[in-house]
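When the letters of the sequence shown are read in order and numbered with my numbering, they come out as residues 767 to 983. Virtual Cβ for every residue (Gly too), placed ideally from N, Cα, C.
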Amino acid sequence: MAVQINPSILSADFARLAEEAKAVDGADWLHVDVMDNHFVPNLTLGVPVVESLARATDTPLDCHLMIEDADRWAPQYVEAGASSVTFHVEAAGAPVRLAREIRAKGARASMALKPATPIEPYEDLLPELDMLLIMTVEPGFGGQSFLDIMLPKIRRTRELIRKHGLELWLQVDGGVSASTIERCADAGADVFVAGSAVYGAQDPSEAVRALRAQAET
Ligand code: DX5
Ligand code: ZN
């Protein structure tokens, strides 16, 4: 299980997105939070910004869609240049069909669960996915406190991935920092999104290195 650190540009300066994207050396992916003010009570960016970002950086884009009507929109983010597209299962009418469509268009397909959404009903969907995202805060805002009560869900999901012998990556997003990343890694997460812990740091590249070192111990 290789550790991956994905800085979230939600905590970056949106007026300088291209520079901010390049300011982080050693990031595996750039995490791009798309919010529509319906699925979550916040509004960020959409397809045109993802298109521009994809041209501005060589780091692959990990698009996290916190939007309604995921079935209609997710494929457009692949076309915009995202290498991984995460939809929320709570916002998808046909998650299996959608995951297949994302893969067919050439991106990694990923599904996210809000804190109150259990993994068990979706066990049979896991082979259709390249990544599962377990939210460790209520989606919508950066800088929130990590929800410890999600650790058992991370553990149970890792067990299911093992049981089925899958290559699936297990991502955590929300409140991931120097003080919480070890607990996430210990529970079985291998892809870590960090917004404020990276872009709020004096030296974002150093923050990525430090988080990676902690997750690898
Ligand atoms: C929250 C977003 C996160 C956010 C994380 O809804 O999905 O990706 O940027 O920010 P931090 O790391 O500050 O909790
Ligand atoms: Zn996110």
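Residue environment, residue i, which counts as buried when at least 16 other CB atoms sit within 10 Å
i, result
"E786", "buried"
"H830", "buried"
"A944", "exposed"
"D939", "buried"
"I915", "exposed"
"A955", "buried"
Expected contact under 8 Å - CB spacing of residue i and residue j to nearest Å
i, j, result
"S774", "D799", "6 Å"
"I920", "A882", "Contact flag wrong, Cβ pair sits at about 15 Å."
"R869", "A875", "5 Å"
"E982", "V815", "So it is not a contact: roughly 32 Å between Cβ atoms."
"M832", "V806", "5 Å"
"T923", "F912", "About 17 Å; that fails the 8 Å criterion."
Nonlocal neighbours in the same chain, by C-beta distance under 7 Å from residue i, ignoring five residues either side
i, result
"L934", "L892, L895, D896, M897, L898, I927"
"L864", "A836, D837, A840, F853, A858"
"H930", "L892, P893"
"D791", "S971"
"G872", "V844"
"E834", "D802, H804, F805, A857"
"T825", "A787, A793, W795, L796"
"L932", "L892, P893"
DSSP bridge partner residues for residue i (one or two, in chain order)
i, result
"L796", "L827"
"V957", "Q770, Q937"
"A789", "None, per the DSSP bridge assignment."
"I900", "L879, V938"
"S850", "D828, R874"
"D802", "L809"
C-beta contact flag for residue i and residue j at 8 Å
i, j, result
"V942", "C950", "yes"
"Q937", "V957", "yes"
"K880", "E856", "yes"
"A878", "H854", "yes"
"L917", "I947", "no"
"G909", "S962", "yes"
"V974", "A784", "no"
Residues near residue i by beta carbon distance below 6 Å, same chain, minus five either side
i, result
"D828", "N772, W795, H797, S850"
"V813", "Q842, A846"
"M801", "N808, L809, T810, M832"
"D779", "E786"
"E889", "L926"
"E867", "P841"
Spatial neighbours of residue i in its chain, beta-carbon cut-off 8 Å, leaving aside the 5 residues before and after
i, result
"S777", "G908, G909, G961, S962, V964, Y965, G966"
"A820", "L827, A846, G847, A848"
"P884", "K919"
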